[in-house]
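The structure appears below as structure tokens.
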Amino acid sequence: MRLVRPTPEEARTYGEGVRRVALEGPAGVRAKEILEKALKAARGELEPEALRQEVASQLGLSQKV
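Heads up: the sequence shown begins at 1 in UniProt numbering, then just goes up one per residue.
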């Protein structure tokens, strides 16, 4: 992961000083998948327990977290 400059549109919307995170490589792919699932849970499209299990699975943790 690394911080990158915003696109011109992002700079207009959020301000010039904003930075965003570029998710790269295998860890970035996993992080992106986890963030997408968290957004689904926040919208009510995924139950919290299902999110916990998905994240634990993604991170290679035991199911008894």
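Glycine included, C-beta positions come from ideal geometry on N, C-alpha and C.
This structure is a prediction, so every number in the text was calculated from the model and none was measured.
So the beta strand (DSSP E) Arg20 belongs to, where does it begin and stop?
The residue labelled residue 20 in the question sits at position 20 within the sequence shown. It spans Arg20 to Ala22 - the beta strand (DSSP E) in which Arg20 sits, taken as one unbroken run.
Quick one, are the C-beta atoms of Lys32 and Leu39 less than 8 Å apart?
To locate residue 32, count along the sequence shown from 1; it is residue 32. To locate residue 39, count along the sequence shown from 1; it is residue 39. Cβ distance not < 8 Å, so Lys32 and Leu39 don't count as in contact.
Going by DSSP, name the residue or residues bridged to Arg2.
Walking along the sequence shown from the start, residue 2 turns up at place 2. For Arg2, which the question treats as bridged, DSSP gives the partners Ala22.
Just the C-alpha distance for Tyr14 and Val21, rounded to the nearest angstrom, thanks.
Locating residue 14 in the sequence shown gives position 14, counting from the first residue. Locating residue 21 in the sequence shown gives position 21, counting from the first residue. Going from the Cα of Tyr14 to the Cα of Val21 covers about 14 Å.
Cutting at 8 Å between CB atoms, please list the residues of its own chain near Pro6, excluding the five before and the five after it.
Locating residue 6 in the sequence shown gives position 6, where the first residue counts as 1. Tyr14, Glu16, Val18, Arg19 and Arg20.
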